[in-house]
Amino acid sequence: MANFLSSIRFSDPYFSVLLMLVIGVGMSVAFVLLSQALGPKRYDRVKYSVYECGVDPLTTASVRVSVKFYLLAILFILFDLETAFLYPWAVLFRQLGWFGFLEMLVFLLILLAGLIYAWKKGALEWQ
Amino acid sequence: MNAPLFDIGVSVARIAVFFAFVFGLVVIMTWVERKGAAYMQDRRGPNRARILGMTLGGIFHPLADALKFLFKEDFIPDSAHRLFYQMAPMFALAPAILTIAIIPFGPPVTVAGRQIPLQIADLNVGILYLFAVSGMAVYGVVLAGWSSNSKYPLLGGLRSSAQMISYEVSMGLSIVGILMVFSSVQLSEIARGQGELLFGILPKWGVFVQPLGFILFLVAQYAEANRTPFDLPEGESELVAGYHTEYGSFKFSMFMMAEYLHMVVGAAVVATLFFGGWQFPYLGDAGFLFPGGAAVAVPAWAVLLLRIGSFVAKTLFFAWLYVWVRWTIPRFRYDQVMRLGWKVMLPLALLNIFVTGLVLLLIDRGGV
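The structure is reproduced here in structure tokens:
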């Protein structure tokens, strides 16, 4: 245990991140628990039903979801991956020179073709 | 030899100071929003809450709100998924608190022969940490919308998640230009890099080298934080209150806290990436050095104060800008939001990367 403690470098910024994580999660849990502990509890069937413009809920919320949202999620994964690829390239950009620039241009053009395809197919249209 | 106690002390002290500052700002922002809205609509706004007979322009209202929220009935609808319903506000708030860690408040200071960054965690992955953690906030929204098992929250949560992931792409791409110019993702490095001068007169701030990137990033941030003109997820005239319709008591206030934290941290990040962070125009380590050649010596402690003050002033301005925009610009329609995100912002962000690369290469290698 003593060995383990002395092996920790407390000056490491991730130690502060760990502390923040403890604070963040601790506060969130504490707030939820506090809000449950304090405050009155008076049960009423109507009060505890979900909101529906002042009437009893007509149907449950398990409705069909437009397929557009799934398409969008897939597009997001695609382009977010692209962003993740771009970051290391951007940091090293000034060392890579023209070669790195053209390489990334080819990559971007391929992805752009994908975006144009999705665009033409109407994946980005909302009515 | 590492002195663990010193390091732990530094870490805890920094968290205490910066966390208190940001959280204080969050509390004050709720008041600024209401008061700002009131004055823009030619009314008085909150002015009743008082301590010892003092109202001080209603500054005590956030305190009264917090207490009132705490003592309200904690409400879980009968048809809700209990576990996820309880977890959603935690998923919203915890990542928002974590993002505070990477805000650089000032240049590193030397204490007892050690360089201490004025930043809770001076991570070398900087921006990536911010995106990784703030991306978690989508879970809070989706979980809240779905677990309420009610129609309006479900629609609000769906809309919100679709909007957030759409603009996350543009947001990520819009700052690639900045990373290319300053060759780093570390926020403290980017802030330091902006201390140079451009053409000998302009400070090399992100907004001057990346004007398009700045506009894209700002717009994407408003969409990410679900703020007007992108507040469709909570469009009260169509969705009641969006994903947090079924939330009350302190859980509702946790969603609000998360939103304001995103605003304040967002304002600090805009100030850091595009407005020089803690850099004060023409202020070097030893004093002012103006383009004409005039120099004014300034003591080191005053330099530090000016720099921290400059950062705080920029952050406050961008925090206020959120309020200003909210009460000035009407809400978009949903198809307009999606069109703007995918068909305008995304191609523009890619174009920005292309042009930045071309210009940088011409300057670095082309001998222009």
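As given, the protein sequences belong to chains A and B, one line each in that order. Last residue of the first sequence: 114 in the numbering used here, with the numbers rising by one and none dropped. Last residue of the second sequence: 925 in the numbering used here, with the numbers rising by one and none dropped. For each residue, glycine too, the CB sits at the ideal point set by N, CA and C.
Below-9 Å beta-carbon distance, residue i vs any chain A residue
i: Val925 of chain B; result: Note on Val925 of chain B: pLDDT 48, under 50, position unreliable in the model; no value is reported.
i: Ile660 of chain B; result: no
i: Arg600 of chain B; result: no
i: Arg888 of chain B; result: no
i: Ser717 of chain B; result: no
i: Asp564 of chain B; result: yes
i: Tyr686 of chain B; result: yes
i: Ala653 of chain B; result: yes
i: Ile608 of chain B; result: no
i: Pro619 of chain B; result: no
i: Ile910 of chain B; result: yes
i: Asp679 of chain B; result: yes
i: Met558 of chain B; result: Unreliable placement is indicated for Met558 of chain B, whose pLDDT of 44 sits below 50; the coordinate value is still reported in the next sentence. False, the Cβ-Cβ gap to chain A never drops below 9 Å.
i: Ile585 of chain B; result: no
i: Pro665 of chain B; result: no
Whole-angstrom distance between residue j and residue i, CA atom to CA atom
i: Phe648 of chain B; j: Tyr891 of chain B; result: 25 Å
i: Phe563 of chain B; j: Ile677 of chain B; result: 15 Å
i: Leu102 of chain A; j: Val821 of chain B; result: 33 Å
i: Gly713 of chain B; j: Leu789 of chain B; result: 8 Å
i: Pro665 of chain B; j: Leu675 of chain B; result: 6 Å
i: Ile722 of chain B; j: Leu58 of chain A; result: 12 Å
i: Leu918 of chain B; j: Phe765 of chain B; result: 18 Å
i: Leu(-8) of chain A; j: Leu840 of chain B; result: 43 Å
i: Val826 of chain B; j: Ile673 of chain B; result: 20 Å
i: Arg784 of chain B; j: Leu111 of chain A; result: 22 Å
i: Val925 of chain B; j: Leu897 of chain B; result: Low confidence applies here, because Val925 of chain B scores a pLDDT of 48, under 50, leaving its location unreliable; read the following figure in that light. So the two alpha carbons sit approximately 35 Å from each other.
i: Phe628 of chain B; j: Asn706 of chain B; result: 25 Å
i: Thr656 of chain B; j: Gly763 of chain B; result: 21 Å
i: Ala504 of chain B; j: Gly799 of chain B; result: Here chain B covers residues 558 to 925 and nothing more, so residue 504 of chain B does not appear.
i: Leu715 of chain B; j: Gln82 of chain A; result: 43 Å
i: Met558 of chain B; j: Ser(-2) of chain A; result: In this predicted model, Met558 of chain B has a pLDDT of only 44, less than 50, meaning its place in the structure is not dependable enough to derive any value.
i: Met728 of chain B; j: Phe831 of chain B; result: 14 Å
i: Gly850 of chain B; j: Leu755 of chain B; result: 15 Å
Within-9 Å CB hit, residue i to chain B
i: Tyr74 of chain A; result: yes
i: Phe94 of chain A; result: no
i: Arg67 of chain A; result: Just to set this straight, residue 67 of chain A is Asp in the shown sequence, not Arg. So yes, Asp67 of chain A belongs to the interface.
i: Glu90 of chain A; result: no
i: Arg(-4) of chain A; result: yes
i: Tyr104 of chain A; result: no
i: Ala100 of chain A; result: no
i: Lys28 of chain A; result: yes
i: Ile97 of chain A; result: no
i: Val54 of chain A; result: no
C-beta contact flag for residue i and residue j at 9 Å
i: Phe837 of chain B; j: Ser22 of chain A; result: no
i: Ser704 of chain B; j: Leu640 of chain B; result: yes
i: Asp43 of chain A; j: Val33 of chain A; result: yes
i: Tyr879 of chain B; j: Ala824 of chain B; result: yes
i: Met7 of chain A; j: Ala658 of chain B; result: yes
i: Arg591 of chain B; j: Gly615 of chain B; result: yes
i: Met902 of chain B; j: Ala777 of chain B; result: yes
i: Gly770 of chain B; j: Ala906 of chain B; result: yes
i: Lys708 of chain B; j: Val52 of chain A; result: no
i: Ala77 of chain A; j: Leu744 of chain B; result: no
i: Ile747 of chain B; j: Thr829 of chain B; result: yes
i: Trp877 of chain B; j: Gly602 of chain B; result: no
i: Gly833 of chain B; j: Val742 of chain B; result: no
i: Thr802 of chain B; j: Pro904 of chain B; result: no
i: Gly98 of chain A; j: Glu69 of chain A; result: According to the sequence shown, residue 98 of chain A is Leu rather than Gly. In this structure, Glu69 of chain A lies closer than 9 Å to Leu98 of chain A by Cβ.
i: Val690 of chain B; j: Ser717 of chain B; result: no
i: Phe18 of chain A; j: Pro646 of chain B; result: yes
i: Arg29 of chain A; j: Glu630 of chain B; result: yes
i: Pro75 of chain A; j: Asp679 of chain B; result: no
Closest residue to residue i among the options (Cα-Cα distance)
i: Leu915 of chain B; options: A:Met91, A:Tyr104, A:Ala105, A:Ile97; result: A:Met91
i: Val9 of chain A; options: B:Ile572, B:Phe809, B:Gly849; result: B:Ile572
i: Ala105 of chain A; options: A:Phe63, A:Leu89, A:Phe86, A:Leu79; result: A:Phe63
i: Ala653 of chain B; options: A:Val12, A:Tyr74, A:Leu79, A:Lys28; result: A:Val12
i: Ile865 of chain B; options: B:Pro848, B:Trp835, B:Phe874, B:Gly849; result: B:Trp835
i: Pro786 of chain B; options: B:Asp679, B:Thr885, B:Gly670, B:Phe578; result: B:Thr885
i: Met895 of chain B; options: B:Phe756, B:Ala719, B:Pro561, B:Gly805; result: B:Ala719
i: Phe575 of chain B; options: B:Ala623, B:Val912, B:Ile758, B:Val869; result: B:Val869
i: Leu582 of chain B; options: B:Ala852, B:Gly849, B:His819, B:Ala851; result: B:His819
i: Val35 of chain A; options: B:Pro619, B:Pro634, B:Asn604; result: Sequence check: residue 35 of chain A is Tyr here, not Val. Considering only alpha carbons, the answer is B:Pro634.
i: Gly757 of chain B; options: B:Val584, B:Ile608, B:Leu846, B:Leu730; result: B:Leu846
ask   = Listed in chain order, which residues of the region 811 to 823 of chain B have Cβ atoms closer than 8 Å to some Cβ of chain A?
value = Residues Met811.
Using a Cβ-Cβ cut-off of less than 9 Å, list which residues of the region 631 to 650 of chain B approach chain A; keep chain order. So the close ones are Asp631, Phe632, Ile633, Pro634, Asp635, Ser636, Ala637, Gln643, Met644, Pro646, Met647, Phe648, Ala649, Leu650.
Short of 8 Å Cβ to Cβ, which residues in the region -1 to 25 of chain A face chain B?
The region -1 to 25 of chain A vs chain B, Cβ under 8 Å: Pro0, Tyr1, Phe2, Ser3, Val4, Leu6, Met7, Leu8, Ile10, Gly11, Val12, Met14, Ser15, Val16, Phe18, Val19, Leu21, Ser22, Gln23, Leu25.
Check each residue of the region 871 to 896 of chain B: if its Cβ is closer than 8 Å to any Cβ of chain A, include it; give the result in chain order.
Taking 8 Å as the Cβ-Cβ cut-off, the region 871 to 896 of chain B approaches chain A at Tyr891, Asp892, Met895, Arg896, given in chain order.
Cβ-based contacts, 7 Å cut-off: residues of the region 729 to 749 of chain B near chain A = If the cut-off is 7 Å between Cβ atoms, the region 729 to 749 of chain B has Gly729, Leu730, Val733, Leu736, Met737, Ser740, Ser741, Val742 near chain A.
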